[in-house]
Structure formats: structure tokens, C-alpha cells
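Q: Structure provided below as C-alpha cells; questions to follow.
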Amino acid sequence: MVDDCGNVVNENGVGVIRSYRDDAYPFTLERMKEIKEEAERARKEQTLKSILVTPSRDFVISHDGNKWPLTGNA
Numbered sequence: 802m803v804d805d806c807g808n809v810v811n812e813n814g815v816g817v818i819r820s821y822r823d824d825a826y827p828f829t830l831e832r833m834k835e836i837k838e839e840a841e842r843a844r845k846e847q848t849l850k851s852i853l854v855t856p857s858r859d860f861v862i863s864h865d866g867n868k869w870p871l872t873g874n875a
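So the sequence shown is numbered by my numbering: it starts at 802 and just counts up by one.
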């Protein structure tokens, strides 16, 4: 990838876009470092709730079919 002046800012443009999509913009090495730091921070701070809860699902289903809420007042 090149910047406005034609300088190479990232030699792995296809890989960066595949991995990070538009989150990688402006595709510089500095931005790649930020993304890696964010991923490491998220990994260290992850909880079962942060892994399982999505905007469309905030519960798990037990072996007997009951829904167990992961958010709110359960």
C-alpha cells in the first residue's frame, strides 16, 4: 500500500485488509501496532460474557434447552 505521495506504508496490504478490514485504515505500521495492542488488551481483559454475548444473543442454552441470561437481572 502506498500513501498520497507514493511512499510504501505497508507491504502486506492484502493480508492487512483480509485480517482487519477498514479497522486498519490508514494502513500504516503505526496503525498495525495500535491494532495489535488493542487485540492484546482485549485478550487480557476478556470475560466469558465478552466472548459469548452479542447484540442479538445475550443467553446460553443449557443441555435441557433452558435459556440462561448472561446480562441483566437473572
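All C-beta atoms, glycine included, are put in the ideal place defined by N, C-alpha and C.
1. Work out the CA separation of P870 and A862 for me, nearest whole Å.
2. So V815 is in the alpha helix (DSSP H); what residue range does that whole segment cover?
3. Do you know how far the Cα of I852 is from the Cα of F860?
A: So, from the data block:
1. A small correction: the amino acid at residue 862 is Ile; Ala does not occupy that position in the sequence shown. Each residue's alpha carbon lies about 9 angstroms from the other.
2. G814 to Y821
3. 12 angstroms
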